[in-house]
Amino acid sequence: MAAPSSQKQNALVRWIDHRLPVFAFMQHELYDYPTPRNLSYWWNFGSLAGIMLVIMMVTGIVLAMQYTPHVDYAFNSVERIMRDVEWGWLIRYIHMNGASFFFAVVYIHLFRGLYFGSYKEPRELLWMLGVVILVLMMATAFMGYVLPWGQMSYWGATVITNLFSAIPGVGQDIVTWLWGGFAVGNPTLNRFFSLHYLLPFIIVGVVLLHLIALHQHGSNNPLGIDRKGPQDSIPFHPYYTIKDMFGLSVFLVIYAAFVFYVPNLLGNVQNYIPANPLQTPPEIVPEWYLLPYYAILRSIPSKLLGVCAMFGAIVTLFLLPWLDTSRVRSAFFRPVYKWVFWLLVADCLMLGYVGAHRPEGINIVLGRIGTFYYFLHFYVLFPLIGKFERPLPLPTSISAAVLAKHGGGAAPASAAMEKH
Amino acid sequence: MRRLHAAAAAALLALAAGAALAEDETPALKSPGWSFDGIFGTFDRAALQHGFQIYSEVCSNCHSMSLLRYRDLAALGYSDDEIKAIAAQKQVTAGPNDQGEMFQRAAQPADNFVPPFPNEQANRAAHNGALPPDLSLIIKQRDGGADYCYSLLTGFKAAPADFKLGDGMNYDDYFPGHQIAMPQPLQDDSVAYADKAPAPLSQEAHDVCTFLTWASEPTLEARKQTGAKVMLFLLVMSVVLYGAKRKIWAEVHSGHA
């Protein structure tokens with residue numbers, strides 16, 4: 165499948181391209197786009213995230229055709245989708261589980277960036293745009309979770325909107341303004357629906373900026389060294405189109421297993437009970453992908469400071485390019501950071517566990533240790549390790565390293581490569 | 402809900418072991434095994450009809466099932482005429498008619514299951530203030546699903562001597578806090594099955610939980626059957642794409658790209 169050159173294009177394509185260079189653009193950015201030849205399967209998650217965004221928008225638009233954003237009808241309209249709308253159960257389960265899989269993919273994408281230093285010069289803005297997407301995703305997911313108007317929808321909305329009451333002085337006024345009333349109610353549900361429909365399109369806009377920033381300098385790679393010449397690159401098509409498609413297919417196997425066999429495993433049974441403002445559920449917990457932030461929020465006894473810590477945990481990600489003082493990108497060549505990275509992963513998992521459980525007994529201690537370590541990691545360890553760590557010698561070029569069959573410590577995905 | 406053994410709580414251990422460390426005085430749920438379990442699970446039609454009979458004769462005296470319509474019973478194997486007859490046993494308020502008056506008529510297949518009480522207040526008033534929950538989604542509303550409901554229905558017993566039971570309350574091994582307002586609803590032979598099948602408590606609980614699972618998710622069979630096809634397709638596609646990927650990348654790996 166050779167890329168069609170402009171000479172081979174038919175007359176109509178050439179006519180259009182001369183006036184509106186869409187084909188030339190696609191040729192340049194999707195076909196010829198030079199890509200490091202050594203990307204591992206960890207680099208599949210960017211395109212997977214893009215595909216998840218499309219899946220969520222398509223299923224969401226279809227769901228919106230059947231959904232009624234009114235406190236008296238919302239719950240039953242979702243059940244009608246599940247029971248009476250043709251294939252409604254499928255669309256809804258794809259959308260519901262899609263939120264979890266979208267976050268799973270994006271979190272892996274994010275930690276891949278952390279491990280291989282993808283946020284470092286000259287990709288700072290690329291990284292920051294990614295964090296903007298993450299924040300928008302959280303807002304979208306939170307508001308989407310409110311729409312079925314189950315118990316956890318209602319009480320989750322109450323807890324999260326109440327966070328703003330921690331703002332000194334004007335907090336309560338802001339909360340009333342957010343609610344459109346004196347409690348979470350119909351105006352709240354209406355605006356959440358409106359914003360839940362709007363925000364994905366804004367995400368698309370930021371994704372486009374993310375891609376423009378990406379294509380400016382191209383992808384980082386497992387070695388974290390710049391490409392030195394054409395021998396270090398391969399065209400995106402067919403090499404990475406086929407690799408992304410294979411990765412997508414494997415991903416869909418796992419995603420479909422959840423949709424078809426355990427569609428409610430990641431959800432909370434409470435959300436199948438219609439919202440009841442007079443009855444608080446035994447525990448109010450967010451979906452799994454927000455649990456670490458929830459743990460940070462609850463680990464600090466002061467409400468205001470807890471809210472600050474929670475938002476601070478995300479703001480910290482924006483500062484990463486300047487907190488990391490090491491000039492070596494890839495953790496392959498950073499003997500100390502390599503281990504500390506996994507400590508952060510463990511820390512985030514622990515915070516997720518703590519967030520799912522009542523803040524009592526050992527959970528309080530674990531939550532505080534986890535929160536403390538999170539900030540210690542970025543504000544103390546990151547700058548210090550960069551200063552004192554002695555990186556291993558970097559390979560002279562990507563192609564040299566590939567042809568020397570770089571060692572087993574390389575990206576797990578290079579397993580396939582090593583067979584050759 | 403759950404307390405952790407303080408002793409066993411080394412940070413990462415707790416993380417790995419997760420809920421397994423949780424302690425709870427409620428015994429593990431009974432798991433009788435269900436026809437709808439597993440990736441090829443389907444609903445046992447006989448159990449569904451038995452379960453519906455139990456719901457009609459016992460549960461529906463107090464519990465509504467507002468999300469179901471009589472026409473949905475076609476999935477249980479009832480014919481159109483049988484469904485019309487089942488619906489016609491209930492009266493619904495319709496109207497207004499030409500004179501502007503509401504009137505009573507027999508329920509039709511398109512009607513939702515007629516609730517036992519006109520409103521929540523009437524239901525509470527008849528039950529000492531307690532509200533028997535709507536059963537349309539009960540299996541999806543409880544951790545443990547059908548296993549939980551089965552355990553609950555078979556878990557009634559006399560309260561232990563040291564347990565202080567509230568007035569008019571009942572003891573159940575599996576209900577959170579053990580105090581449940583509902584008296585034991587099913588005993589051996591609470592119903593006489595239309596097909597004369599024996600009806601011990603365990604069988605009744607099993608059948609009604611099968612019915613309730615269907616009611617909570619009537620599309621379960623379609624989901625699992627579609628899933629088998631989709632999974633097969635995706636697995637084959639993955640193998641084909643892997644082969645294509647290997648072939649395309651062969652030259653890159655040998656360094657000639």
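Chains as they are written, first to last, in my numbering: chain A, 165 to 584; chain E, 402 to 658.
Using N, Cα and C, we set each Cβ at its ideal position, and we do this for glycine too.
Practice problem: Taking a Cβ distance cut-off of 8 Å, strictly less, list which residues of the stretch 407 to 425 of chain A are near chain E, in chain order. | Solution: Going along the stretch 407 to 425 of chain A in chain order, one finds K407, M409, F410, S413, V414, L416, V417, A420, A421, V423, F424 and Y425 with a Cβ nearer than 8 Å to chain E.
Practice problem: Tell me, please, whether the CB atom of A:E451 is closer than 9 Å to any CB atom in chain E? | Solution: Locating residue 451 of chain A in the first sequence gives position 287, where the first residue counts as 1. Closer than 9 Å: no.
Exercise. Could you tell me which of A:Y538, A:L362, A:L375 and A:V566 sits nearest to A:V509, measuring between CA atoms?
Key: Position 345 of the first sequence, counted from the first residue, corresponds to residue 509 of chain A. Of the listed residues, the one whose Cα sits closest to A:V509 is A:Y538.
Practice problem: Kindly give me the distance between the Cβ atoms of A:L217 and A:V371, rounded to whole angstroms, as I take these residues to be in contact under 8 Å. | Solution: Taking the first residue of the first sequence as position 1, residue 217 of chain A is located at position 53. Taking the first residue of the first sequence as position 1, residue 371 of chain A is located at position 207. So it is a contact: roughly 7 Å between Cβ atoms.
Quiz item: Just curious, the beta strand (DSSP E) that A:I398 is in, first and last residue?
Solution: Along the first sequence, read from residue 1 onward, the residue named residue 398 of chain A stands at position 234. Residues S397 to P399.
Practice problem: Indicate the three-state DSSP secondary structure (helix, strand or coil) for A:P402 in the structure shown. | Solution: One-based indexing of the first sequence puts residue 402 of chain A at position 238. Helix at A:P402.
Exercise. Note down, in chain order, every chain E residue with its Cβ under 8 Å from the Cβ of A:R256.
Key: Here residue 256 of chain A refers to the residue found at position 92 of the first sequence. Within 8 Å Cβ-Cβ: nothing; A:R256 doesn't reach chain E, min ~10 Å.
Quiz item: Taking Cβ positions only, does A:N240 come closer than 9 Å to chain E?
Solution: For the purposes of this step, residue 240 of chain A is taken as residue 76 along the first sequence, with counting starting at 1. For A:N240, the answer is yes, since a Cβ of chain E falls inside 9 Å of its Cβ.
Practice problem: Just tell me which of A:C512, A:Y195, A:T560 and A:T480 has its CA closest to the CA of A:Y453. | Solution: Here residue 453 of chain A corresponds to residue number 289 of the first sequence, with the count starting at 1. Closest by alpha carbon: A:C512.
Quiz item: Taking the continuous beta strand (DSSP E) assigned at E:V493, which residues delimit it?
Solution: Within the second sequence, the letter at position 92 stands for residue 493 of chain E. It spans Q492 to A495 - the beta strand (DSSP E) in which E:V493 sits, taken as one unbroken run.
Exercise. Kindly say whether A:P523, judged by its beta-carbon, lies nearer than 9 Å to any beta-carbon of chain E.
Key: Position 359 of the first sequence, counted from the start, is the residue given in the question as residue 523 of chain A. Closer than 9 Å: no.
Quiz item: Any idea what DSSP makes of A:F328, helix, strand or coil?
Solution: Position 164 of the first sequence, counted from the first residue, corresponds to residue 328 of chain A. Three-state DSSP puts A:F328 in a helix.
Practice problem: Specify the secondary structure class of A:P394 as computed by DSSP and reduced to three states. | Solution: Residue numbering aside, residue 394 of chain A sits at position 230 when the first sequence is read from its first letter. Helix at A:P394.
Quiz item: Closest by CA to A:Q434, which one among A:V186, A:N261 and A:E447?
Solution: Locating residue 434 of chain A in the first sequence gives position 270, where the first residue counts as 1. When each option's Cα is compared against that of A:Q434, the closest is A:E447.
Quiz prompt | Whole-angstrom distance between E:Q588 and E:N520, CA atom to CA atom | solution = Stepping through the second sequence from its first residue, residue 520 of chain E is reached at position 119. Stepping through the second sequence from its first residue, residue 588 of chain E is reached at position 187. Cα-Cα distance, rounded: 28 Å.
Quiz item: At a CB-CB cut-off below 7 Å, which residues of chain A make contact with E:W650?
Solution: Working through the second sequence from its first residue, we reach residue 650 of chain E at position 249. Under a criterion of Cβ atoms nearer than 7 Å, the residues of chain A adjacent to E:W650 are, in order, Y403.
Practice problem: Return the bridge partner residues of A:P200 from the DSSP annotation. | Solution: If you number the first sequence from 1, residue 200 of chain A lands on position 36. Answer by DSSP bridge pairing, in chain order: A:S397.
Exercise. Just tell me which of E:A606, E:V631 and E:G501 has its CA closest to the CA of A:I258.
Key: The residue given as residue 258 of chain A occupies position 94 in the first sequence. Measuring from the Cα of A:I258, the nearest candidate turns out to be E:V631.
Quiz item: Are any of the Cβ atoms in chain E nearer than 9 Å to that of A:R247?
Solution: As a first step, residue 247 of chain A is located in the first sequence; it is residue number 83 there, counting from the start. So yes, A:R247 belongs to the interface.
Quiz item: Less than 9 Å separating the beta-carbons of E:Y594 and E:Q454?
Solution: What you label residue 594 of chain E is simply residue 193 of the second sequence in a count that begins at 1. What you label residue 454 of chain E is simply residue 53 of the second sequence in a count that begins at 1. Yes. Within cutoff.
Quiz item: List, in order along the chain, the chain E residues whose C-beta lies closer than 7 Å to that of A:Y436?
Solution: Translated into positions along the first sequence, residue 436 of chain A becomes position 272. Under the 7 Å cutoff, chain E gives L538, K541 and Q542.
Practice problem: Could you work out which residues of chain E lie near A:V509, taking near to mean beta carbons separated by less than 8 Å? | Solution: The residue you call residue 509 of chain A lines up with position 345 of the first sequence. Simply none; closest approach about 11 Å.
Quiz item: Using CA coordinates, which residue listed in E:A475, E:M638, E:G496 and E:I649 is at the minimum distance from A:I398?
Solution: As a first step, residue 398 of chain A is located in the first sequence; it is residue number 234 there, counting from the start. Of the listed residues, the one whose Cα sits closest to A:I398 is E:I649.
Quiz item: What residues match up with E:A475 in a beta bridge as DSSP calls it?
Solution: The sequence position of residue 475 of chain E within the second sequence is 74, counting from 1. DSSP lists no partner for E:A475.
Quiz item: Among E:P577, E:L566, E:L538 and E:Q500, which residue has its Cα nearest to the Cα of A:V242?
Solution: Position 78 of the first sequence holds residue 242 of chain A. The option with the nearest alpha carbon to A:V242 is E:L538.
Quiz item: Which of helix, strand or coil does DSSP assign to A:R498?
Solution: Position 334 of the first sequence, counting from 1, holds the residue named residue 498 of chain A. For A:R498, the three-state secondary structure derived from DSSP is coil.
Quiz item: Can you name the residues of chain A whose CB is closer than 7 Å to the CB of E:V631?
Solution: Start at 1 with the first residue of the second sequence, and residue 631 of chain E comes out as number 230. Result: A420 and F424.
Quiz prompt | is_contact[A:N261, chain E] using C-beta, thresh 9 Å | solution = In the first sequence, residue 261 of chain A corresponds to position 97, counting from 1. No - not a single Cβ of chain E is within 9 Å of the one on A:N261.
Self-check item: Beta-carbon spacing of A:T325, A:L342 below 9 Å
Solution: The count along the first sequence starts at 1 and reaches residue 325 of chain A at position 161. The count along the first sequence starts at 1 and reaches residue 342 of chain A at position 178. Contact: yes.
Practice problem: Select from the stretch 616 to 640 of chain E all residues with a C-beta closer than 7 Å to any C-beta belonging to chain A, and list them in chain order. | Solution: P619, T620, R624, K625, T627, G628, V631, M632, L635, L636, M638 and S639
Quiz item: How big is the Cα-Cα spacing for E:D573 and A:A439?
Solution: The residue given as residue 573 of chain E occupies position 172 in the second sequence. The residue given as residue 439 of chain A occupies position 275 in the first sequence. Between E:D573 and A:A439, the C-alpha separation is close to 27 Å.
Quiz item: From the DSSP output, which residues share a beta bridge with A:G314?
Solution: Numbered from its first residue, the first sequence carries residue 314 of chain A at position 150. Answer by DSSP bridge pairing, in chain order: A:P438.
Self-check item: Through-space distance from A:M229 to A:Y237, alpha-carbon basis
Solution: By 1-based counting over the first sequence, the position of residue 237 of chain A is 73. By 1-based counting over the first sequence, the position of residue 229 of chain A is 65. The alpha-carbon atoms of A:Y237 and A:M229 are separated by roughly 14 Å.
Practice problem: Pick out the complete alpha helix (DSSP H) segments inside the stretch 195 to 269 of chain A, 4 residues or longer, and give them in chain order. | Solution: 209 to 228 and 238 to 247
Quiz prompt | Proximity of A:L298 and A:I562 at Cβ, strictly below 9 Å | solution = Position 134 of the first sequence holds residue 298 of chain A. Position 398 of the first sequence holds residue 562 of chain A. Judged by their CB atoms, A:L298 and A:I562 are not nearer to each other than the 9 Å cut-off.
Quiz item: Going by the CB atoms, is the gap between A:H374 and A:L293 shorter than 9 Å?
Solution: Residue mapping note: residue 293 of chain A aligns to position 129 of the first sequence, counting from 1. Residue mapping note: residue 374 of chain A aligns to position 210 of the first sequence, counting from 1. It is a contact, given that the beta carbons lie within the stated cut-off.
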